[in-house]
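Enquirer: Be aware that the sequence shown starts at 81, since it is given in the working numbering, and climbs by one per residue.
Following this message is one structure expressed as structure tokens.
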Amino acid sequence: MDLVSRFSAFAMTSGVIEEIDRIWFENELRALIGRDDLDVVDLDELTVFSVVERLADVSECSGRLEALDWTRDMFETKLYGFLTPKPSVLQKEFESLSQIDSRQATDTFYRRCLENNQVKTREIAKNSHFNVPSRYGEMTITINLSKPEKNPREIAKLANLPKKATEDFPKCALCIENEGYLGRIDYPARSNHRVIRFDLEQEKWAMQYSPYAYFNEHSIFLNETHQNMVIDKGAFKKLLSIVQKLPHYFVGSNADLPIVGGSILNHEHFQGGRAAMPMENAAIRQSYSLAGGAITAHILEWPMSVIRLVGGSPNELVELSVKVLEAWNVYDNSDLEIVSHTGNVRHHTITPIARFRDGNYEMDLVLRDNHTTAEHPDGLFHPHKAHHHIKKENIGLIEVMGVAILPARLKRELAEIKNYLINGGALPTAIHQSWTATLKATYPRSNESIERFLELAVGEKFVAVLEDCGVFKTDAASQMAFQHFVRNTLPINEAK
81 MDLVSRFSAF AMTSGVIEEI DRIWFENELR ALIGRDDLDV VDLDELTVFS
131 VVERLADVSE CSGRLEALDW TRDMFETKLY GFLTPKPSVL QKEFESLSQI
181 DSRQATDTFY RRCLENNQVK TREIAKNSHF NVPSRYGEMT ITINLSKPEK
231 NPREIAKLAN LPKKATEDFP KCALCIENEG YLGRIDYPAR SNHRVIRFDL
281 EQEKWAMQYS PYAYFNEHSI FLNETHQNMV IDKGAFKKLL SIVQKLPHYF
331 VGSNADLPIV GGSILNHEHF QGGRAAMPME NAAIRQSYSL AGGAITAHIL
381 EWPMSVIRLV GGSPNELVEL SVKVLEAWNV YDNSDLEIVS HTGNVRHHTI
431 TPIARFRDGN YEMDLVLRDN HTTAEHPDGL FHPHKAHHHI KKENIGLIEV
481 MGVAILPARL KRELAEIKNY LINGGALPTA IHQSWTATLK ATYPRSNESI
531 ERFLELAVGE KFVAVLEDCG VFKTDAASQM AFQHFVRNTL PINEAK
């Protein structure tokens with residue numbers, strides 16, 4: 081059996097082709113590779129990933145990639161595209177299974193996205209991740225090592241590209257037009273990319289899985305129209321509608337303003353998945369029964385300022401969420417440096433998260449403020465400069481919920497710090513020097529390995545970052561102001 085035959089066997093096993101399609105399929109594959117004669121080898125033990133790599137090796141060595149003017153990633157992703165059913169097939173499969181159980185529908189779609197490398201499990205496995213305790217409960221720390229570095233030749237090509245190569249298609253990485261897109265030297269390959277389409281509040285939306293997932297079944301829900309993020313009544317309704325369709329998933333939205341929003345603000349989208357994020361299990365600091373008794377409001381014991389609404393009626397949760405948003409958008413408190421507007425420029429918004437749990441719907445409303453000061457030009461309620469050596473980027477939805485996404489550089493830098501703590505010598509890595517000196521003074525801690533000592537230290541920094549982003553701090557005066565805001569905003573029946 082040669083590589084092509086082995087590849088077509090994978091396609092038949094996954095149901096993409098049948099035996100009657102095999103000869104046609106293998107000839108299509110040979111045409112792509114540019115070779116008809118491939119050595120016969122023992123391939124029984126090779127995985128689909130190994131076969132794709134071998135086929136790419138053959139094509140790269142023969143000059144086929146250069147002749148096509150493709151990157152290796154484009155070529156490999158095109159091969160995975162051969163193992164991916166057409167969108168219409170996946171759509172019918174998903175809709176049919178949804179009639180039985182939405183879990184079966186997502187299970188099947190997710191499995192296909194694993195099998196065709198749309199979800200890049202081997203790359204994701206490179207990430208470092210660990211849990212750390214805190215006064216707010218357990219936090220999850222990830223150091224993102226999964227996104228591949230570019231080949232130096234590709235970087236050189238990219239630098240010399242004519243401007244016309246950076247065409248406005250697709251408009252962004254979330255646009256539905258990415259489905260099946262070959263890619264370019266300056267744009268990721270998406271030949272194996274598929275989405276599931278659905279109607280959402282009289283709009284056309286789609287669901288996909290994130291290639292570089294940060295948690296189990298990390299999903300992206302995207303508007304088929306390329307339009308800006310917005311947090312409003314419509315957003316709250318959409319989040320709860322998705323949870324009604326997929327009650328085993330949580331779903332949330334990045335905020336819609338710079339500094340406190342995510343990295344893509346020009347395309348309306350949400351993120352979700354089948355995971356219990358740390359904030360979901362946060363303790364309750366204060367509870368309120370709302371008028372009518374059907375809805376309960378909670379202030380969470382969390383470093384950021386979170387109001388949780390719980391009840392059986394999605395419509396009531398939407399209306400109450402709107403009340404909180406409208407009140408927050410005009411809330412000022414000079415004592416706490418909370419500023420809603422500078423002139424006509426709005427600074428306030430919300431990061432909302434919806435879920436279904438224990439027979440009730442929940443809506444977490446995380447209050448955000450993006451105004452800047454002379455002391456904090458990157459944002460007052462943003463990671464402060466003292467913590468930039470660990471985290472400087474925006475705190476988006478995932479991190480709000482207690483999962484840190486830290487830069488790859490930390491892997492090397494923490495190794496340097498470890499070596500310094502054990503062996504001494506010159507302080508490593510200039511940006512960490514103050515922190516490293518503090519660590520040197522406190523290490524060792526009893527019964528802790530050096531690795532765990534550093535993990536706990538990074539966790540402490542992440543918690544401090546989240547505290548920087550909390551608009552109502554944890555001191556008594558700030559918490560009293562937070563409770564006053566809730567009482568003045570929601571129809572409180574009684575405090576529990």
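Note that the Cβ used here is the ideal one computed from N, Cα and C, for glycine as well.
Three-state secondary structure (DSSP) at TRP285?
Expert: Three-state DSSP puts TRP285 in a strand.
Enquirer: Considering only residues of the same chain and omitting the five flanking positions on each side of HIS564, which have a CB-CB separation below 8 Å?
Expert: Within the same chain, HIS564 has no close Cβ partners at all.
Enquirer: In the DSSP output, what is ALA407 paired with across the bridge?
Expert: Paired residue(s): none; ALA407 is not in a bridge.
Enquirer: Skipping 5 residues on each side, what residues in its chain have a beta carbon closer than 7 Å to that of ALA89?
Expert: Taken in chain order, the list of residues that qualify is empty.
Enquirer: Is it buried or exposed for GLY353, if we count other Cβ within 10 angstroms and need 16 for buried?
Expert: Burial call: buried.
Enquirer: Please classify ALA517: is it buried, with 16 or more other beta-carbons within 10 angstroms of its beta-carbon, or exposed?
Expert: Under this definition ALA517 is an exposed residue.
Enquirer: Which first and last residues belong to the beta strand (DSSP E) in which GLU442 is found?
Expert: From DSSP, the beta strand (DSSP E) with GLU442 extends over 440-449.
Enquirer: Are the region 413-425 and the region 437-446 touching by the rule of at least three beta carbon pairs closer than 8 Å?
Expert: No, they do not touch.
Enquirer: Taking the straight line between their C-alpha atoms, what separation do you get for VAL138 and THR164?
Expert: About 22 Å.
Enquirer: Count the other C-beta atoms from every protein chain shown that fall within 10 angstroms of the C-beta of PHE249, then say buried if there are 16 or more, exposed otherwise.
Expert: Exposed, since its Cβ has fewer than 16 Cβ neighbours within 10 Å.
Enquirer: Identify whether SER208 lies in helix, strand or coil by the three-state DSSP scheme.
Expert: DSSP places SER208 in strand when its eight states are reduced to three.
Enquirer: Which word fits ASP438, buried or exposed, when buried means at least 16 other C-beta atoms lie within 10 angstroms of its C-beta?
Expert: By the 10 Å Cβ count, ASP438 comes out exposed.
Enquirer: Note down the Cα distance separating GLN282 from ILE300, rounded to an integer number of angstroms.
Expert: If you take the alpha carbons of GLN282 and ILE300, they lie about 19 Å apart.
Enquirer: Indicate whether LEU302 and HIS378 have their beta-carbon atoms separated by less than 9 Å.
Expert: Not a contact, by the Cβ cut-off of 9 Å.
Enquirer: Looking at C-alpha atoms only, which residue of GLN366, LYS541, GLY504 is the closest neighbour of MET560?
Expert: If we check each option's Cα against that of MET560, GLN366 comes out closest.
Enquirer: Between GLY346 and ASN272, what straight-line distance do the alpha-carbon atoms span, to the nearest angstrom?
Expert: According to the sequence provided, residue 346 is Asn. The question's Gly does not apply to it. Taking the straight line from one Cα to the other gives about 24 Å.
Enquirer: Along the chain, where does the beta strand (DSSP E) that runs through LEU380 open and close?
Expert: Here the beta strand (DSSP E) through LEU380 covers 375-380.
Enquirer: Considering only C-alpha positions, which residue in the set HIS456, HIS428, GLY482, GLN307 is nearest to PRO358?
Expert: Out of HIS456, HIS428, GLY482, GLN307, GLY482 has the C-alpha closest to the C-alpha of PRO358.
Enquirer: Exposed or buried, what is PRO524 when buried is set at 16 or more other beta-carbons lying within 10 Å of its beta-carbon?
Expert: Label assigned to PRO524: exposed.
Enquirer: Rank PRO383, LEU126, ILE387 by C-alpha distance to the C-alpha of THR376 and give the top, closest one.
Expert: For the residues PRO383, LEU126, ILE387, the minimum Cα distance to THR376 belongs to ILE387.
Enquirer: On the criterion of 16 or more Cβ atoms from any shown chain inside 10 Å, does PRO338 qualify as buried, or is it exposed?
Expert: PRO338 comes out exposed.
Enquirer: Would ILE256 pass as a contact of GLU304 if the rule is Cβ separation under 9 Å?
Expert: Contact flag set, yes.
Enquirer: With distances taken from CA atoms, which of PRO432, ARG426, ASN413 is nearest VAL404?
Expert: With distances taken between Cα atoms, VAL404 lies closest to PRO432.
Enquirer: Quick check: the Cα distance between MET309 and PRO167, rounded to an integer number of angstroms?
Expert: If I take the Cα positions, the gap works out to 26 Å.
Enquirer: Note the first and the last residue of the continuous alpha helix (DSSP H) segment covering PHE562.
Expert: Element bounds for PHE562: 556-569.
Enquirer: Counting along the chain, where does the alpha helix (DSSP H) carrying VAL390 start and finish?
Expert: From DSSP, VAL390 is part of no alpha helix (DSSP H) but of the beta strand (DSSP E) over 386-391.
Enquirer: When burial is assigned at 16 or more other CB atoms within 10 Å of the CB, is LYS251 buried or exposed?
Expert: Per the 10 Å Cβ criterion, exposed.
Enquirer: So for ARG152, helix, strand or coil by DSSP?
Expert: In this structure, ARG152 counts as helix in the three-state DSSP scheme.
Enquirer: Hey, out of SER369, TRP150, ARG215, whose CA is closest to TYR261's CA?
Expert: Checked all of SER369, TRP150, ARG215; the closest Cα to TYR261 is TRP150.
Enquirer: If you reduce the DSSP assignment to three classes, tell me which class THR201 lands in.
Expert: Looking at THR201 - three-state DSSP - the assignment turns out to be helix.
Enquirer: Which residues in the same chain have their Cβ closer than 8 Å to the Cβ of GLY161, if we skip the five residues on either side of it in sequence?
Expert: The answer, listed in chain order, is ASN196, GLY260, SER271, ASN272.
Enquirer: Between ALA185 and the rest of its own chain, which residues show a CB-CB distance below 6 Å, the 5 nearest in sequence each way excluded?
Expert: The answer, listed in chain order, is PHE174, LEU177, SER178.
Enquirer: How many Å lie between LYS313 and SER393 at the Cα?
Expert: LYS313 and SER393: Cα-Cα distance of roughly 15 Å.
Enquirer: Which residue marks the beginning of the beta strand (DSSP E) containing THR429, and which one marks its end?
Expert: Note, THR429: beta strand (DSSP E), 428-437.
Enquirer: Looking only at its own chain, which residues have a Cβ that is under 6 Å from the Cβ of PHE461, when we skip the five neighbours before and after it?
Expert: Contacts found: ASP449, CYS549, VAL551.
Enquirer: Could you check which residue in SER321, SER414, THR188 has the C-alpha nearest to that of SER558?
Expert: The shortest Cα separation from SER558 among SER321, SER414, THR188 belongs to SER414.
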